[in-house]
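Engineer: Below are the structure tokens for one structure; questions will follow.
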Amino acid sequence: MTSVADVQLAVESLWPAATAEDWDAVGLVAGDPADGVQRILLAVDAVGATAAEAVERGADLLLVHHPLLLRGATSVAATTPAGRVITRLVRERVALLAAHTNADAVDRGTSGELASMLGLVDVQPIVVNRVDPSKGLGRVGDLPEPVALRDLVERLAGLVPAVAGGLRAAGDPERPVARVAICGGAGDSLLREPAVAAADVYITSDLRHHPASDARERHEAGDGPALVDVSHWASESLWLRPAAEQLRQALPGVDVIVSEIRTDPWDFAVPQEEQAWH
9 MTSVADVQLA
19 VESLWPAATA
29 EDWDAVGLVA
39 GDPADGVQRI
49 LLAVDAVGAT
59 AAEAVERGAD
69 LLLVHHPLLL
79 RGATSVAATT
89 PAGRVITRLV
99 RERVALLAAH
109 TNADAVDRGT
119 SGELASMLGL
129 VDVQPIVVNR
139 VDPSKGLGRV
149 GDLPEPVALR
159 DLVERLAGLV
169 PAVAGGLRAA
179 GDPERPVARV
189 AICGGAGDSL
199 LREPAVAAAD
209 VYITSDLRHH
219 PASDARERHE
229 AGDGPALVDV
239 SHWASESLWL
249 RPAAEQLRQA
259 LPGVDVIVSE
269 IRTDPWDFAV
279 PQEEQAWH
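Number 166 in the numbering used here belongs to position 158 of the sequence shown; there are no gaps in the numbering.
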């Protein structure tokens with residue numbers, strides 16, 4: 009029977025831990041490497057709902073994108089959200105494994121998958137990986153034909169799963185864009201990268217007020233890209249299905265399923281009518 013250790017080897021072959029960013033915490037979070045694995049559930053986040061789903065669907069291993077214990081932890085008691093997840097999984101003998109920036113860096117990672125869905129050509133990483141030059145964070149490439157920014161955002165809205173917050177954009181909606189930079193997940197740290205600065209539009213998530221405001225000012229002055237902000241969960245959920253396909257090939261006989269739970273943290277949004285500002 010396939011073991012947790014076998015799954016670790018498959019994950020390492022697909023998304024080597026050495027290619028993760030220095031600050032990241034990837035690999036086995038909980039579980040016995042000797043335990044058997046017949047079913048794997050993939051999800052973006054290890055939260056109460058996905059832990060319960062793993063148990064209910066008979067998974068022996070939960071593979072997530074976001075590490076549950078990314079920051080230092082002194083306890084995993086069931087008095088905290090992370091502790092409750094760990095306790096539930098350990099009790100039910102479900103292993104927990106994380107593939108984060110090591111899974112972002114590959115061509116079929118979060119950014120690479122969205123670049124492919126948009127039909128970008130001549131695609132390259134925004135930041136080349138320090139270990140493997142063929143990998144890296146983000147992607148930048150060209151659309152086959154320029155399109156208006158509004159048309160690109162509307163197309164993008166149809167490609168990523170819908171969430172309460174929708175998509176937000178900064179820039180002239182009718183301005184043509186051709187060169188597109190993408191960073192799935194939080195990406196305002198890459199705003200000053202040369203590949204992003206040279207793009208017509210930058211698609212990412214979690215753009216904070218001050219970096220976004222500064223980037224918008226520079227864009228309006230003719231320096232830097234228009235911005236499109238999408239849900240962090242929605243952008244990174246695009247990795248799950250290609251990852252499942254790759255794991256099925258690497259682990260014949262293991263049932264690999266994808267979580268249908270949306271772990272975007274927002275439940276609803278209330279549209280506002282635009283009013284005159286006094």
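Note that the Cβ used here is the ideal one computed from N, Cα and C, for glycine as well.
All values derive from a computational prediction rather than experimental measurement.
#1: Does DSSP put SER213 in a helix, a strand or coil?
#2: How would you call GLU153, buried or exposed, if buried means at least 16 neighbouring beta carbons within 10 angstroms?
#3: Between the region 96-111 and the region 69-88, do three or more beta carbon pairs fall short of 8 Å?
#4: Taking three-plus beta-carbon pairs below 8 Å as touching, is the region 229-243 in contact with the region 157-170?
#5: Pull up the CB-CB distance for GLY39 and LEU17, whole angstroms please, since I reckon it's below 8 Å.
#6: Mind checking ASP140: buried by the 16 CB within 10 Å criterion, or exposed?
#7: Give the DSSP-derived three-state secondary structure of ARG147 in the structure shown.
#8: I need the boundaries of the alpha helix (DSSP H) containing GLN16, first residue and last residue.
#9: Taking just the CA atoms, how far does PRO260 sit from ALA90?
#10: With a CB to CB cut of under 8 Å and the five nearest residues on each side skipped, what residues in its chain are close to GLY149?
#11: Does PRO219 come out as helix, strand or coil in the three-state DSSP assignment?
#12: From the DSSP output, read off the bridge partner residues of VAL129.
#13: Would ALA229 and ASP214 qualify as a contact pair, given that the criterion is a beta-carbon distance under 8 Å?
#14: Beta strand (DSSP E) containing VAL188: first to last residue?
#15: Is it true that the CB of ASN137 sits closer than 8 Å to the CB of GLY144?
#16: Compare the Cα-Cα distances from LEU160 to each of THR87, ARG99, ILE134, VAL238 and report the closest residue.
#17: For ALA203, collect the residues of the same chain with a Cβ closer than 7 Å to its Cβ; drop the 5 residues on either side in sequence, then sort them by chain order.
#18: For the beta strand (DSSP E) that ARG138 lies in, which residues bound it at each end?
#19: Note down the Cα distance separating ARG224 from ILE269, rounded to an integer number of angstroms.
#20: Near GLU121, which residues of its chain fall below 7 Å by C-beta distance, leaving aside the five closest residues on each side in sequence?
#21: What would DSSP say about ARG256, mapped onto helix, strand or coil?
#22: Quick one: measure Cβ to Cβ for PRO41 and ASN110, integer angstroms, because I've assumed they're closer than 8 Å.
#23: When you compare only the Cα positions, how much space is there between ARG92 and ALA86?
#24: How should THR27 be labelled, buried or exposed, when 16 other C-beta atoms within 10 angstroms of its C-beta is the threshold for buried?
Structural biologist: Looking at the coordinates:
#1: Along the sequence shown, one-based indexing puts residue 213 at 205. Strand at SER213.
#2: Indexing the sequence shown from 1 puts residue 153 at position 145. Flag for GLU153 reads exposed.
#3: yes
#4: yes
#5: The residue given as residue 39 occupies position 31 in the sequence shown. The residue given as residue 17 occupies position 9 in the sequence shown. That pair is no contact at about 14 Å.
#6: Numbered from 1 along the sequence shown, position 132 holds the residue referred to as residue 140. When all chains shown are included, ASP140 counts as exposed.
#7: As a first step, residue 147 is located in the sequence shown; it is residue number 139 there, counting from the start. Strand, per DSSP.
#8: For the purposes of this step, residue 16 is identified with residue 8 of the sequence shown, where counting begins at 1. Looking at the DSSP string, the run of the alpha helix (DSSP H) that includes GLN16 is 12-22.
#9: Stepping through the sequence shown from its first residue, residue 90 is reached at position 82. Stepping through the sequence shown from its first residue, residue 260 is reached at position 252. Cα to Cα, the separation comes out at about 31 Å.
#10: Locating residue 149 in the sequence shown gives position 141, where the first residue counts as 1. Hits under 8 Å: ALA123, LEU128, VAL129, ASP130, VAL131, GLN132, ARG187, VAL188.
#11: In the sequence shown, residue 219 corresponds to position 211, counting from 1. If DSSP states are grouped into helix, strand and coil, PRO219 belongs with the helices.
#12: For the purposes of this step, residue 129 is identified with residue 121 of the sequence shown, where counting begins at 1. ASP150.
#13: As a working mapping, residue 229 is identified with position 221 in the sequence shown. As a working mapping, residue 214 is identified with position 206 in the sequence shown. No. Outside cutoff.
#14: If you number the sequence shown from 1, residue 188 lands on position 180. That run of the beta strand (DSSP E) goes 184-194.
#15: Here residue 144 refers to the residue found at position 136 of the sequence shown. Here residue 137 refers to the residue found at position 129 of the sequence shown. Contact flag set, yes.
#16: By 1-based counting over the sequence shown, the position of residue 160 is 152. Of THR87, ARG99, ILE134, VAL238, the residue nearest in Cα terms is VAL238.
#17: Position 195 of the sequence shown, counted from the start, is the residue given in the question as residue 203. Cβ within range, chain order: ILE134, VAL148, ALA189.
#18: Here residue 138 refers to the residue found at position 130 when the sequence shown is read from its first residue. Note, ARG138: premise wrong, no beta strand (DSSP E); not H, not E.
#19: On the sequence shown, residue 224 is found 216 positions in, with the first residue counted as 1. On the sequence shown, residue 269 is found 261 positions in, with the first residue counted as 1. When rounded, the distance between both Cα atoms is 34 Å.
#20: Residue numbering aside, residue 121 sits at position 113 when the sequence shown is read from its first letter. So the list reads LEU246, TRP247, PRO250, once near-sequence residues are dropped.
#21: Within the sequence shown, the letter at position 248 stands for residue 256. Residue state, collapsed to three classes: helix.
#22: On the sequence shown, position 33 is the one that residue 41 refers to. On the sequence shown, position 102 is the one that residue 110 refers to. Not quite, the Cβ-Cβ distance comes to about 19 Å (not below 8 Å), so this is no contact.
#23: In the sequence shown, the residue the question calls residue 92 occupies position 84. In the sequence shown, the residue the question calls residue 86 occupies position 78. Between ARG92 and ALA86, the C-alpha separation is close to 4 Å.
#24: Looking up residue 27 in the sequence shown gives position 19. Under this definition THR27 is a buried residue.
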